[in-house]
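Number of protein chains: 2
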Amino acid sequence: MAKSSSQLEFEIIRRYFANPNLSFKRDGIELGIGDDAALIDVPANKHLAMSMDVLISGIHFPADADPALIANRSLAVNLSDLAAMAAQPYCFTLGLVLPDSDETWLQKFSEGLASLARQYNCPLVGGDTSRGPLSISLQVQGLVDRSQASRRSAANRGDKIYVSGNLGDGAVALLALGLDSHLGSSFSFGAQSLSDQDRQYFSDAYFKPQPQLELAAAAGKLFSSCIDISDGLQGDLGHILAASSLAATINIDALPYSMPCQRCMDTENRIVAALFGGDDYQLCFTVPEGDCAELERLARDIGVKVSCIGEIVSGEGVAYLDTDGAPVDFSARAYQHFASVQSA
Amino acid sequence: MAKSSSQLEFEIIRRYFANPNLSFKRDGIELGIGDDAALIDVPANKHLAMSMDVLISGIHFPADADPALIANRSLAVNLSDLAAMAAQPYCFTLGLVLPDSDETWLQKFSEGLASLARQYNCPLVGGDTSRGPLSISLQVQGLVDRSQASRRSAANRGDKIYVSGNLGDGAVALLALGLDSHLGSSFSFGAQSLSDQDRQYFSDAYFKPQPQLELAAAAGKLFSSCIDISDGLQGDLGHILAASSLAATINIDALPYSMPCQRCMDTENRIVAALFGGDDYQLCFTVPEGDCAELERLARDIGVKVSCIGEIVSGEGVAYLDTDGAPVDFSARAYQHFASVQSA
Chain A
56 MAKSSSQLEF
66 EIIRRYFANP
76 NLSFKRDGIE
86 LGIGDDAALI
96 DVPANKHLAM
106 SMDVLISGIH
116 FPADADPALI
126 ANRSLAVNLS
136 DLAAMAAQPY
146 CFTLGLVLPD
156 SDETWLQKFS
166 EGLASLARQY
176 NCPLVGGDTS
186 RGPLSISLQV
196 QGLVDRSQAS
206 RRSAANRGDK
216 IYVSGNLGDG
226 AVALLALGLD
236 SHLGSSFSFG
246 AQSLSDQDRQ
256 YFSDAYFKPQ
266 PQLELAAAAG
276 KLFSSCIDIS
286 DGLQGDLGHI
296 LAASSLAATI
306 NIDALPYSMP
316 CQRCMDTENR
326 IVAALFGGDD
336 YQLCFTVPEG
346 DCAELERLAR
356 DIGVKVSCIG
366 EIVSGEGVAY
376 LDTDGAPVDF
386 SARAYQHFAS
396 VQSA
Chain B
56 MAKSSSQLEF
66 EIIRRYFANP
76 NLSFKRDGIE
86 LGIGDDAALI
96 DVPANKHLAM
106 SMDVLISGIH
116 FPADADPALI
126 ANRSLAVNLS
136 DLAAMAAQPY
146 CFTLGLVLPD
156 SDETWLQKFS
166 EGLASLARQY
176 NCPLVGGDTS
186 RGPLSISLQV
196 QGLVDRSQAS
206 RRSAANRGDK
216 IYVSGNLGDG
226 AVALLALGLD
236 SHLGSSFSFG
246 AQSLSDQDRQ
256 YFSDAYFKPQ
266 PQLELAAAAG
276 KLFSSCIDIS
286 DGLQGDLGHI
296 LAASSLAATI
306 NIDALPYSMP
316 CQRCMDTENR
326 IVAALFGGDD
336 YQLCFTVPEG
346 DCAELERLAR
356 DIGVKVSCIG
366 EIVSGEGVAY
376 LDTDGAPVDF
386 SARAYQHFAS
396 VQSA
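Residue numbers (the working numbering), protein chains in the order written: chain A, 56 to 399; chain B, 56 to 399.
As structure tokens, then:
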């Protein structure tokens with residue numbers, strides 16, 4: 056047992072984290088790294104939104120991945136949680152556990168963090184480091200207008216259901232990177248036939264998910280509810296439905312897929328990837344029908360793809376329909392298995 | 056590699072953490088566990104103080120320790136950081152990494168957290184859980200009057216230096232609990248002759264450190280600077296001196312010790328424990344000379360022991376004096392070693 060701090064820890068913090076590249080100044084950050092606590096201001100008309108994620112080596116990222124990519128993914132998935140509340144990034148804290156003080160690793164990790172932190176004007180303001188099995192705890196703080204936080208619980212009957220971007224890329228990325236997937240043998244794609252370009256696309260999808268903060272900033276005021284898709288559309292939409300005590304119909308043919316996703320999978324596998332795969336970090340949100348034209352205009356203006364995939368209805372659970380409105384038979388293949396596991 | 060959430064995770068969160076015993080309501084906590092982010096308010100006249108600690112099994116606590124005690128220590132050491140800013144607890148978030156979902160462990164851990172959280176009206180508002188090697192990331196949020204945060208950098212020449220409580224207990228506790236200490240062979244105490252009562256005293260000192268929040272609330276407005284003593288007085292006072300570009304003289308005979316500490320160690324070992332041991336979680340703070348009588352009165356009123364141990368002076372580093380003002384010879388025994396390691 057060792058005490059909690061050491062000269063080595065102070066040195067690591069000073070060199071790689073308490074530098075102006077990462078713990079840069081920002082209005083409202085009264086005091087950053089270097090005291091017992093950080094001090095921040097929160098404007099009177101805002102809520103502070105806070106979200107913490109813990110990423111474990113070998114579970115949430117491969118131990119030997121590029122440290123800059125690990126850093127990028129760690130911060131990006133947390134920023135995605137802010138986007139899901141229609142909050143904008145403010146600052147973050149980092150708990151870094153390292154087996155040893157590998158300076159090359161620390162340098163790359165720190166630069167990867169700084170790059171995304173600067174992109175979103177979201178400085179590092181504090182945290183802790185320790186010796187131990189590699190893991191990354193990261194808490195982002197965001198600001199959101201008091202009246203505009205998009206909670207899971209506020210969907211209304213008749214609202215249209217949208218998703219940003221494309222679905223299913225995260226599920227393919229796991230396998231394309233040679234990682235385990237919980238989807239198991241019921242899910243497959245043409246791994247052998249992936250072009251180098253498509254392989255890179257999926258690697259980027261995994262390590263550089265794009266938190267939909269711009270969409271949240273432009274159109275968050277129109278969201279009645281929102282969640283980010285980390286566990287697959289079925290599970291995450293399910294959280295909105297449960298919190299709002301409502302149900303949904305989803306037009307299965309309206310689910311959006313990337314070209315690489317379409318190239319490497321048949322329709323059934325794409326549906327499995329979208330509904331049960333996860334790791335997509337897109338937003339699933341609901342919009343009152345009267346605001347849908349405005350939502351689509353705002354999204355077009357900022358060049359963000361949004362797709363209307365269904366509607367909030369009375370009842371419980373999710374019903375999947377084809378384009379003609381006929382129920383899709385989910386007794387087939389993998390659906391049954393995943394549906395029962397996920398919606399238990 | 057698995058995806059980030061699972062039914063098991065949701066179930067753990069729901070049962071052990073998202074319960075009214077731990078994630079209880081508090082004014083200003085707009086939204087707690089159960090959405091993509093927590094939402095909190097910060098009053099216009101307050102700063103939000105944030106401090107994160109990561110505790111690793113086998114480093115910061117013994118793996119087989121009582122989970123309630125692990126929980127207590129994890130939250131208490133973080134609350135101590137708030138006390139050091141003269142901030143009061145508001146809410147906290149938890150990143151819990153567990154090798155398996157041991158329900159007995161989780162129940163005790165959750166109850167231990169809840170007990171301290173309720174004592175300080177500091178509810179759990181969010182976090183993350185994952186499978187992996189046991190570790191605990193905990194971030195506390197506190198509130199402090201905008202003008203009254205006690206930073207390390209604001210000590211002034213002529214200020215008196217105080218510590219709360221007693222020093223050295225943490226260093227003895229490590230050894231009394233059979234844990235490793237960085238103090239090594241140069242430090243010893245009468246482990247064999249400890250009474251059961253004294254052994255329990257040191258165990259409590261380790262697992263139930265008392266964050267000096269009451270002192271901070273009552274008298275924090277008189278602190279010109281403050282830090283909590285997690286690494287030993289020499290190192291932590293050193294942070295105040297470095298941040299304030301000043302030096303200190305310490306009356307070595309004025310350092311306060313508990314009766315159990317006095318019973319089991321000679322003077323020299325006590326000094327090593329106080330200056331270089333750490334894990335005491337007392338406050339070291341500076342007070343303008345004209346406010347010292349008021350400080351001592353306020354501390355007496357709430358029954359908290361404070362000891363004036365020295366003075367802020369010009370220059371660099373710490374000079375140790377005996378009661379007659381003569382320099383203490385630090386070339387003897389262990390001092391030299393620790394002084395050179397810690398003040399590097």
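C-beta atoms are modelled at their ideal positions from N, C-alpha and C, and glycine is treated no differently. Treat the numbers as computed from the prediction; the structure is a model and nothing was measured.
Secondary structure at residue i, three-state DSSP: helix, strand or coil?
i, result
"B/T341", "strand"
"B/T322", "helix"
"A/N306", "strand"
"A/S280", "strand"
"B/G182", "strand"
"B/T114", "The sequence as given places Ile at residue 114 of chain B; Thr does not occur at that position. B/I114 falls in the coil class under three-state DSSP."
"B/P315", "helix"
"B/A381", "coil"
"B/A131", "helix"
"B/I295", "helix"
"A/Q194", "strand"
"B/G233", "coil"
"A/E166", "helix"
"B/Y261", "helix"
"A/P144", "strand"
"B/A354", "helix"
"B/G150", "strand"
"A/Y336", "coil"
"B/D286", "coil"
"A/L249", "coil"
"A/A204", "coil"
"A/A93", "strand"
"A/R256", "Looking at the sequence provided, one finds Tyr at residue 256 of chain A rather than Arg. Reduced to three states, the DSSP call for A/Y256 is helix."
Taking all protein chains shown into account, decide if residue i is buried (16 or more other Cβ within 10 angstroms of its Cβ) or exposed.
i, result
"B/G220", "buried"
"A/I305", "buried"
"A/G333", "buried"
"B/S205", "buried"
"B/K263", "exposed"
"A/M140", "buried"
"B/N176", "exposed"
"B/L151", "buried"
"B/T184", "buried"
"B/I357", "exposed"
"A/T341", "buried"
"A/D321", "exposed"
"B/A348", "exposed"
"B/G370", "exposed"
"A/Q337", "buried"
"A/S250", "exposed"
Assuming residue i and residue j make a contact with CB atoms under 8 Å, what is their CB distance in whole Å?
i, j, result
"B/A246", "B/L230", "6 Å"
"A/I367", "A/R212", "6 Å"
"B/L238", "B/V327", "6 Å"
"A/L288", "A/C339", "6 Å"
Have a look at residue i and residue j and give me their C-alpha separation to the nearest angstrom.
i, j, result
"B/N401", "A/V180", "With chain B running from 56 to 399 in the structure shown, residue 401 of chain B is simply not present."
"A/L234", "A/D121", "15 Å"
"B/P178", "A/Q317", "46 Å"
"B/A138", "A/E166", "33 Å"
"B/Q203", "B/K101", "9 Å"
"B/E269", "B/V218", "14 Å"
"A/D119", "A/Q252", "22 Å"
"A/Q267", "B/M314", "59 Å"
"B/N324", "A/G225", "58 Å"
"B/D108", "B/S248", "34 Å"
"A/G223", "B/D157", "33 Å"
"A/A387", "A/G365", "Reliability fails at A/A387, whose pLDDT of 49 lies under 50, so the model's placement of it is uncertain and the value that follows must be treated cautiously. Near 22 Å, if we compare the C-alpha coordinates of A/G365 and A/A387."
"B/R254", "B/V373", "32 Å"
"A/S398", "A/Y256", "The predicted model places A/S398 with a pLDDT of 40, which falls under 50 and marks its position as unreliable; any figure quoted below should be read in that light. Going from the Cα of A/S398 to the Cα of A/Y256 covers about 30 Å."
"A/T148", "A/G380", "47 Å"
"A/G113", "B/L376", "53 Å"
Any chance the stretch 294 to 314 of chain B sits against the stretch 192 to 205 of chain B, with 3 or more Cβ pairs inside 8 Å?
no
Three or more C-beta pairs below 8 Å linking the stretch 70 to 80 of chain A and the stretch 67 to 74 of chain B
no
Would you say the stretch 82 to 96 of chain B touches the stretch 155 to 162 of chain A, given that touching needs at least three Cβ pairs under 8 Å?
no
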